[in-house]
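Enquirer: If you're matching them up, the sequences are chains A and B in order. Heads up: the first sequence is residues 0 to 305, going by numbering that gives the first Met the number 0. Heads up: the second sequence is residues 0 to 305, going by numbering that gives the first Met the number 0.
2 protein chains.
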Amino acid sequence: MPRSSFLMRVIILGSGAGGGVPQWNSASPACILARAGTIPSRTQCALAVSSDGERWVLINASPDLRQQLAATPALHPKPGTVRGSGIAAVMLTGGEIDAIAGLLTLRERHAFVIYAAPTVLTVLAENQIFAALDATLVPRRAMPSGEAFDVADLRVEAFAVPGKVPLFAERDGADPGRSEDGDTVGLSISTPGAGTLVFIPGCAALNADIRARIRAADLLMFDGTLYRDDEMITAGAGLKTGARMGHMSLDGPGGTLAALHDIAPRRRVLIHLNNTNPVLLPDSAERHHVERQGWIVAEDGMEFSL
Amino acid sequence: MPRSSFLMRVIILGSGAGGGVPQWNSASPACILARAGTIPSRTQCALAVSSDGERWVLINASPDLRQQLAATPALHPKPGTVRGSGIAAVMLTGGEIDAIAGLLTLRERHAFVIYAAPTVLTVLAENQIFAALDATLVPRRAMPSGEAFDVADLRVEAFAVPGKVPLFAERDGADPGRSEDGDTVGLSISTPGAGTLVFIPGCAALNADIRARIRAADLLMFDGTLYRDDEMITAGAGLKTGARMGHMSLDGPGGTLAALHDIAPRRRVLIHLNNTNPVLLPDSAERHHVERQGWIVAEDGMEFSL
Chain A
0 MPRSSFLMRV IILGSGAGGG VPQWNSASPA CILARAGTIP SRTQCALAVS
50 SDGERWVLIN ASPDLRQQLA ATPALHPKPG TVRGSGIAAV MLTGGEIDAI
100 AGLLTLRERH AFVIYAAPTV LTVLAENQIF AALDATLVPR RAMPSGEAFD
150 VADLRVEAFA VPGKVPLFAE RDGADPGRSE DGDTVGLSIS TPGAGTLVFI
200 PGCAALNADI RARIRAADLL MFDGTLYRDD EMITAGAGLK TGARMGHMSL
250 DGPGGTLAAL HDIAPRRRVL IHLNNTNPVL LPDSAERHHV ERQGWIVAED
300 GMEFSL
Chain B
0 MPRSSFLMRV IILGSGAGGG VPQWNSASPA CILARAGTIP SRTQCALAVS
50 SDGERWVLIN ASPDLRQQLA ATPALHPKPG TVRGSGIAAV MLTGGEIDAI
100 AGLLTLRERH AFVIYAAPTV LTVLAENQIF AALDATLVPR RAMPSGEAFD
150 VADLRVEAFA VPGKVPLFAE RDGADPGRSE DGDTVGLSIS TPGAGTLVFI
200 PGCAALNADI RARIRAADLL MFDGTLYRDD EMITAGAGLK TGARMGHMSL
250 DGPGGTLAAL HDIAPRRRVL IHLNNTNPVL LPDSAERHHV ERQGWIVAED
300 GMEFSL
């Protein structure tokens with residue numbers, strides 16, 4: 000069979016940042032519009048990727064995973080089976096709740112493999128609640144950093160991204176600042192006959208390695224959490240800047256739009272969108288601005304082929 | 000204002016057992032019909048209760064809590080506020096994932112109180128991930144057993160129910176059998192001018208205290224997990240009996256229907272429904288049978304006033 004007949008399918012299960020849109024306790028303009036059905040609701044960020052449409056790899060296990068799987072026919076068990084799933088593996092790009100809590104949804108004696116950075120595996124090991132996933136059925140493997148490995152016929156490379164330790168693991172009062180010790184990773188995913196997806200849902204800063212990986216991507220999905228570094232503060236929605244939360248912002252001279260303008264591939268998607276981000280509002284100047292620069296604002300259920 | 004104008008509102012946020020309907024990896028008849036929209040989907044079991052329609056007490060925090068809150072206008076933040084919620088407290092009837100994981104959804108610096116049995120508070124303390132709920136904003140209080148206490152003008156009594164320790168906390172290989180040490184509780188909830196809700200989503204066996212509380216109820220919501228003790232085994236969906244999972248079954252001489260026939264109040268609701276339970280199928284003999292005995296089969300979004 001010619002390799003050209005192979006495609007990689009990428010489904011956006013969730014396009015929102017932690018809390019989603021609407022976020023349960025937020026009355027931001029985007030949350031109000033999402034509740035009214037005027038703009039799409041967005042669950043918390045996760046992808047499903049497959050080399051054959053049968054075996055699927057989840058990228059992050061969001062707290063909304065049950066809802067996301069119910070909404071995605073490709074991930075339903077086949078009729079005629081009693082129990083089953085095409086989910087072969089779950090890869091985690093960090094240890095925040097919005098990336099790992101959905102593992103608890105997968106607690107029904109289905110065999111799959113968890114891949115994560117060693118620090119994230121430590122979070123899972125230290126929280127007994129994840130013992131709901133029987134280790135004999137659901138082994139946990141450390142993702143080698145910068146080294147390719149194969150999962151369900153996908154070629155994967157995890158690479159360190161400047162980020163931060165999970166909020167719940169911060170020490171009292173300490174500002175952990177930026178962490179580059181591998182808590183947060185990005186992923187390059189490809190198949191032999193197809194192109195390369197680069198997925199970086201959280202990124203505090205670019206470096207030469209990340210730039211090179213972005214240049215090599217055919218499809219980029221990148222941290223679109225905040226438009227402006229201080230937008231949560233000016234919206235009265237929080238006390239933290241984007242930088243404090245481990246996210247670059249889109250706007251400004253050092254922002255994502257400027258930094259990636261010339262190096263991102265033609266297919267470029269903003270994902271992990273916070274409910275304060277004005278790009279969620281279809282008529283905003285910010286939405287028009289990112290679209291003019293070629294960016295797609297991610298929505299749940301979007302599908303891409305490579 | 001005359002007390003008679005006060006009502007207690009009870010909203011069923013979720014009516015399903017652990018995993019919900021459809022359950023992500025199940026192709027049971029009910030799951031297939033729920034995916035097709037032929038029968039209602041059911042999220043995992045939880046209630047919202049209010050004495051005034053403004054301040055709400057959640058009973059259990061299911062993994063589906065974000066979806067449940069989005070679907071429930073009474074629990075949306077008021078427009079005009081930036082952030083806010085009427086949720087004043089969360090009461091937990093057990094430590095299973097389907098009762099506690101939703102706490103992680105409430106991690107956005109909103110002040111409320113968690114009430115749970117001491118053993119359940121130990122589960123929360125031993126899993127650092129729940130530190131996402133800042134203890135200075137979200138205090139955790141042990142529910143006194145058998146003693147009334149007040150929460151948001153609701154009068155609450157928690158009472159021990161035969162159950163079992165959470166699955167994820169079982170020791171390897173050991174069958175913990177039945178636990179009566181307070182891991183699982185039922186709740187009686189009332190307001191001065193209204194009647195009494197008795198909520199028992201999991202019950203391994205009745206005893207004299209539970210029977211007396213059920214007799215005193217105006218509205219009963221009771222464990223409807225399984226119709227037959229061995230239905231998960233005969234469906235090929237698992238290896239465990241209902242008894243092993245801490246649930247009485249509806250059918251049979253020692254079953255719930257027979258045991259509660261003469262003591263349950265007129266308003267009687269089966270809740271915490273597993274995806275294997277034939278009462279989910281509208282035309283089943285089992286559904287007709289429970290309805291002839293006066294039982295309502297719970298659906299998400301049902302609301303009751305007392």
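In this text, a Cβ means the ideal position worked out from N, Cα and C, and glycines have one as well. As the structure is a computational prediction, the values presented were derived from the model and not from experiment.
By DSSP's criteria, Q43 of chain A is part of a beta bridge. Which residues make up the other side?
Expert: The residue you call residue 43 of chain A lines up with position 44 of the first sequence. According to DSSP, which records beta bridges pairwise, Q43 of chain A is partnered with A:G15.
Enquirer: First and last residue of the beta strand (DSSP E) that includes R154 of chain B?
Expert: Residue 154 of chain B sits at position 155 when you count from the first residue of the second sequence. That run of the beta strand (DSSP E) goes 153-159.
Enquirer: Given this structure, state the Cα-to-Cα distance separating L196 of chain A from G185 of chain A, to the nearest angstrom.
Expert: Numbered from its first residue, the first sequence carries residue 196 of chain A at position 197. Numbered from its first residue, the first sequence carries residue 185 of chain A at position 186. Whole-angstrom Cα-Cα distance: 10 Å.
Enquirer: Nearest to L46 of chain B by alpha carbon, out of B:H287, B:L91, B:E53, B:T135?
Expert: Numbered from its first residue, the second sequence carries residue 46 of chain B at position 47. The residue with the shortest Cα to Cα distance from L46 of chain B is B:L91.
Enquirer: Are the beta-carbon atoms belonging to E285 of chain A and Y226 of chain A less than 8 Å from one another?
Expert: Residue 285 of chain A sits at position 286 when you count from the first residue of the first sequence. Residue 226 of chain A sits at position 227 when you count from the first residue of the first sequence. In contact: E285 of chain A and Y226 of chain A (Cβ atoms closer than 8 Å).
Enquirer: How about H287 of chain A and A16 of chain A: are their beta carbons less than 8 Å apart?
Expert: One-based indexing of the first sequence puts residue 287 of chain A at position 288. One-based indexing of the first sequence puts residue 16 of chain A at position 17. No, the pair does not count as a contact, with Cβ atoms beyond the cut-off.
Enquirer: Look at the Cβ atom of V231 of chain B, then the Cβ atom of T275 of chain B, and state whether they are nearer than 8 Å.
Expert: Counting from one through the second sequence, the residue named residue 231 of chain B turns up at place 232. Counting from one through the second sequence, the residue named residue 275 of chain B turns up at place 276. The residue you asked about is not Val; residue 231 of chain B is Met in the sequence shown. Against a cut-off of 8 Å, the Cβ pair of T275 of chain B and M231 of chain B comes out as a contact.
Enquirer: Rounded to the nearest angstrom, how far is the Cβ of A26 of chain A from that of R82 of chain B, given a contact under 8 Å?
Expert: Position 27 of the first sequence, counting from 1, holds the residue named residue 26 of chain A. Position 83 of the second sequence, counting from 1, holds the residue named residue 82 of chain B. About 7 Å; that satisfies the 8 Å criterion.
Enquirer: Please state the DSSP three-state secondary structure of P175 of chain B.
Expert: One-based indexing of the second sequence puts residue 175 of chain B at position 176. Caution applies to P175 of chain B, whose pLDDT of 49 falls short of 50 and renders its modelled position unreliable; the value that the coordinates give is listed next. P175 of chain B falls in the coil class under three-state DSSP.
Enquirer: Could you tell me how far apart the beta carbons of M247 of chain A and G254 of chain A are, in whole angstroms, since I believe they sit closer than 8 Å?
Expert: Within the first sequence, the letter at position 248 stands for residue 247 of chain A. Within the first sequence, the letter at position 255 stands for residue 254 of chain A. That belief holds up - the Cβ atoms of M247 of chain A and G254 of chain A are roughly 7 Å apart, short of 8 Å.
Enquirer: Consider the Cβ of G83 of chain B: report whether some Cβ of chain A lies at a distance smaller than 8 Å.
Expert: Position 84 of the second sequence, counted from the start, is the residue given in the question as residue 83 of chain B. Answer yes: the Cβ-Cβ gap between G83 of chain B and chain A drops below 8 Å somewhere.
Enquirer: Could you please give me the residues that DSSP links to V296 of chain A through a beta bridge?
Expert: What you label residue 296 of chain A is simply residue 297 of the first sequence in a count that begins at 1. Paired residues: A:L269.
Enquirer: Roughly how many angstroms lie between the CA atoms of F221 of chain A and T135 of chain A, to the nearest whole one?
Expert: What you label residue 221 of chain A is simply residue 222 of the first sequence in a count that begins at 1. What you label residue 135 of chain A is simply residue 136 of the first sequence in a count that begins at 1. Those two C-alpha atoms are separated by around 34 Å.
Enquirer: Indicate whether at least one CB of chain A lies closer than 8 Å to the CB of R2 of chain B.
Expert: Your numbering for residue 2 of chain B matches position 3 in the second sequence. Residue confidence for R2 of chain B is low, a pLDDT of 46 falling below 50, so the modelled location carries little weight and cannot support an answer.
Enquirer: Indicate whether V50 of chain B and A151 of chain B have their beta-carbon atoms separated by less than 8 Å.
Expert: Residue numbering aside, residue 50 of chain B sits at position 51 when the second sequence is read from its first letter. Residue numbering aside, residue 151 of chain B sits at position 152 when the second sequence is read from its first letter. Strictly speaking, residue 50 of chain B in this sequence is Ser, with Val absent from that position. A contact, by the Cβ cut-off of 8 Å.
Enquirer: Would you decide whether T118 of chain B is buried or exposed? Buried here means 16 or more other CB atoms lie within 10 Å of its CB.
Expert: Counting from one through the second sequence, the residue named residue 118 of chain B turns up at place 119. Buried, by the Cβ-count rule.
Enquirer: Along the segment 13-25 of chain A, where does the CB come closer than 9 Å to a CB of chain B? Name the residues.
Expert: Hits within the stretch, in order: G17, G18, G19, P21, Q22, W23, N24, S25.
Enquirer: If contact means a Cβ-Cβ distance below 9 Å, which residues of the segment 100-127 of chain A contact chain B?
Expert: Taking 9 Å as the Cβ-Cβ cut-off against chain B, the residues of the segment 100-127 of chain A that qualify are A100, G101, L103, T104, L105, R106, E107, R108, H109, V122, E125, N126, Q127.
Enquirer: Since I96 of chain A meets chain B, which of its residues come closer than 8 Å, beta carbon to beta carbon?
Expert: The residue given as residue 96 of chain A occupies position 97 in the first sequence. Neighbours of I96 of chain A on chain B, chain order: L103, R106, I128, A131.
Enquirer: Mind checking the segment 221-244 of chain B against chain A and listing, in chain order, the residues whose C-beta falls within less than 8 Å of any C-beta there?
Expert: So the list reads A234, G235, A236, G237, given in the order they occur along the chain.
Enquirer: Would DSSP call M308 of chain B helix, strand or coil?
Expert: Residue 308 of chain B is absent from the model: chain B starts at 0 and stops at 305.
Enquirer: Chain B partners of F158 of chain A, CB-CB under 8 Å?
Expert: As a first step, residue 158 of chain A must be located in the first sequence, where it is residue number 159. Residues of chain B passing the Cβ test: none, with the nearest at roughly 26 Å.
Enquirer: I want to verify the contact list: residues of chain B whose CB lies under 9 Å from the CB of K77 of chain A, in sequence order.
Expert: Sequence index remark: in the first sequence, residue 77 of chain A carries index 78 (1-based). Those within 9 Å of K77 of chain A in chain B are A26.
Enquirer: Is it buried or exposed, R265 of chain A, if we count other Cβ atoms within 10 angstroms and call 16 or more buried?
Expert: Sequence index remark: in the first sequence, residue 265 of chain A carries index 266 (1-based). R265 of chain A is exposed by the Cβ-count criterion.
Enquirer: Is the shortest distance between the beta-carbon of R140 of chain B and the beta-carbons of chain A less than 8 Å?
Expert: As a first step, residue 140 of chain B must be located in the second sequence, where it is residue number 141. Answer no: the Cβ-Cβ gap between R140 of chain B and chain A never drops below 8 Å.
Enquirer: Does P277 of chain A come within less than 8 Å of chain B when only Cβ atoms are used?
Expert: Taking the first sequence and counting its residues from 1, one reaches residue 277 of chain A at position 278. No, because no Cβ of chain B sits closer than 8 Å to the Cβ of P277 of chain A.
Enquirer: Sorted by chain position, which residues of the same chain lie with C-beta nearer than 6 Å to L32 of chain B's C-beta, five sequence neighbours on each side aside?
Expert: Mapped onto the second sequence, residue 32 of chain B falls at position 33. Excluding positions up to five away in sequence, the list reads I38.
Enquirer: Answer yes or no: does any C-beta atom of chain A fall closer than 8 Å to that of D174 of chain B?
Expert: The sequence position of residue 174 of chain B within the second sequence is 175, counting from 1. Because the pLDDT at D174 of chain B is just 49, under 50, the model does not fix this residue reliably, and the point stays unresolved.
Enquirer: Starting from D97 of chain B, trace the alpha helix (DSSP H) both ways and give me its first and last residue.
Expert: Translated into the one-based positions of the second sequence, residue 97 of chain B becomes position 98. Unbroken alpha helix (DSSP H) run through D97 of chain B: 96-99.
Enquirer: Please confirm if L68 of chain B has its CB atom under 8 Å from at least one CB of chain A.
Expert: Numbered from 1 along the second sequence, position 69 holds the residue referred to as residue 68 of chain B. Output row for L68 of chain B: interface = yes.
Enquirer: Roughly how many whole angstroms lie between the Cα atoms of P76 of chain B and H109 of chain B?
Expert: Taking the second sequence and counting its residues from 1, one reaches residue 76 of chain B at position 77. Taking the second sequence and counting its residues from 1, one reaches residue 109 of chain B at position 110. Cα-Cα distance, rounded: 11 Å.
Enquirer: Taking all protein chains shown into account, do 16 or more other C-beta atoms lie within 10 angstroms of the C-beta of T104 of chain B, making it buried, or fewer, making it exposed?
Expert: By 1-based counting over the second sequence, the position of residue 104 of chain B is 105. By the neighbour-count rule (16 or more Cβ atoms within 10 Å), T104 of chain B is buried.
Enquirer: Would you list the residues sitting across from P191 of chain B in a DSSP beta bridge?
Expert: Along the second sequence, one-based indexing puts residue 191 of chain B at 192. Its beta-bridge partners do not exist; DSSP assigns none.
Enquirer: Rounded to whole angstroms, what is the Cα-Cα separation between S189 of chain B and F111 of chain A?
Expert: Counting from 1 along the second sequence, the entry for residue 189 of chain B is found at position 190. Counting from 1 along the first sequence, the entry for residue 111 of chain A is found at position 112. Those two C-alpha atoms are separated by around 46 Å.
Enquirer: If you run the structure through DSSP and keep just helix, strand and coil, what is R54 of chain A?
Expert: On the first sequence, residue 54 of chain A is found 55 positions in, with the first residue counted as 1. Looking at R54 of chain A - three-state DSSP - the assignment turns out to be coil, as it is neither helix nor strand.
Enquirer: On the three-state DSSP scale, how would you describe M90 of chain B?
Expert: One-based indexing of the second sequence puts residue 90 of chain B at position 91. In this structure, M90 of chain B counts as strand in the three-state DSSP scheme.
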